[in-house]
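Trainee: Encoded as structure tokens, here's the structure I'll be asking about.
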Amino acid sequence: LRARVVGWPPVRSFRKNALENVAAGSTRAACAPAKFVKVAVDGAPYLRKVNLRDYAGYDQLLRALQGKFCSHFTIRKFANDEMKLVDAVNGTEYVPTYEDKDGDWMLVGDVPWKMFEEACQRVRLMKNSEAVNIAPRSAR
Numbered sequence: 001l002r003a004r005v006v007g008w009p010p011v012r013s014f015r016k017n018a019l020e021n022v023a024a025g026s027t028r029a030a031c032a033p034a035k036f037v038k039v040a041v042d043g044a045p046y047l048r049k050v051n052l053r054d055y056a057g058y059d060q061l062l063r064a065l066q067g068k069f070c071s072h073f074t075i076r077k078f079a080n081d082e083m084k085l086v087d088a089v090n091g092t093e094y095v096p097t098y099e100d101k102d103g104d105w106m107l108v109g110d111v112p113w114k115m116f117e118e119a120c121q122r123v124r125l126m127k128n129s130e131a132v133n134i135a136p137r138s139a140r
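Numbering (the UniProt record's numbering), first residue to last: 1 to 140.
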């Protein structure tokens with residue numbers, strides 16, 4: 001059913017079209033297929049699933065991961081826009097990485113969000129000491 005705008009004084013056609021377009025856009029966004037990926041943390045005995053389409057960017061995703069994994073993580077942002085989760089208990093730094101469609105492990109944040117959203121197969125919060133060999137695409 002289409003929602004009709006009824007009222008007095010009569011509603012002009014551009015307002016009627018604008019309201020219909022807003023309603024159509026919201027249903028389109030709600031019908032977007034979900035993109036669930038598994039998230040693992042080094043040392044944690046469990047996995048979590050997140051829907052990447054629920055987030056608008058890397059900052060929102062990291063905040064959600066911080067909440068899902070024992071909220072004792074804090075987010076630390078470095079000068080080169082690299083973001084790491086830090087375990088507040090023992091100071092271990094975790095680097096967010098993801099596996100792309102080719103099976104390569106990449107750093108989260110090295111590609112635009114939409115490209116990441118399409119290519120990401122799984123996410124891993126890797127200890128900083130193990131993530132030394134992972135470099136952004138631009139460095140290769």
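Positions of the beta carbon are idealized from the N, C-alpha and C atoms, including for glycine. Here the structure is a predicted model, which is why all the values come from computation and not from measurement.
(1) Please check the pair Val86 and Tyr98, which I expect to be a contact at CB under 8 Å, by giving their CB distance rounded to whole angstroms.
(2) Please classify Leu47 as buried or exposed, where buried requires at least 16 neighbouring CB atoms within 10 angstroms.
(3) Assign Val132 to buried or exposed, taking buried as 16 or more other Cβ atoms, counted over all protein chains shown, within 10 Å of its Cβ.
(4) Could you name the residues that DSSP lists as bridge partners for Leu125?
(5) Residues in its own chain within less than 7 Å of Gln121 by CB, not counting five upstream and five downstream?
(6) Between which residues of its own chain and Tyr94 is the CB-CB distance below 8 Å, once the five residues before and five after are set aside?
(7) I'd like to know whether the C-beta atoms of Leu52 and Lys35 end up nearer to each other than 7 Å.
(8) Thinking C-alpha only, which one of Glu117, Val123 and Ile134 is nearest Asp54?
(9) Would you identify the three-state DSSP class for Asp87, choosing helix, strand or coil?
(10) Using the Cβ count rule (16 or more neighbours within 10 Å means buried), how would you classify Val39?
Mentor: Let me lay it out:
(1) Your numbering for residue 86 matches position 86 in the sequence shown. Your numbering for residue 98 matches position 98 in the sequence shown. About 19 Å separates the two Cβ atoms, so there is no contact after all.
(2) By 1-based counting over the sequence shown, the position of residue 47 is 47. With fewer than 16 other Cβ atoms within 10 Å, it is exposed.
(3) Mapped onto the sequence shown, residue 132 falls at position 132. So Val132 ends up on the exposed side.
(4) Residue mapping note: residue 125 aligns to position 125 of the sequence shown, counting from 1. Per DSSP, Val41 and Pro96.
(5) As a working note, residue 121 is residue 121 in the sequence shown. Contacts found: Val37, Glu99, Asp100 and Lys101.
(6) Numbered from 1 along the sequence shown, position 94 holds the residue referred to as residue 94. Cβ neighbours of Tyr94 beyond the five flanking positions: Val41, Asp42, Phe73, Lys84, Leu85, Val86, Asp87, Leu125, Met126, Lys127 and Asn128.
(7) Locating residue 52 in the sequence shown gives position 52, where the first residue counts as 1. Locating residue 35 in the sequence shown gives position 35, where the first residue counts as 1. Their beta carbons are under 7 Å apart, which means Leu52 touches Lys35 by this criterion.
(8) Mapped onto the sequence shown, residue 54 falls at position 54. Closest by alpha carbon: Glu117.
(9) Within the sequence shown, the letter at position 87 stands for residue 87. Residue state, collapsed to three classes: strand.
(10) Looking up residue 39 in the sequence shown gives position 39. Burial call: buried.
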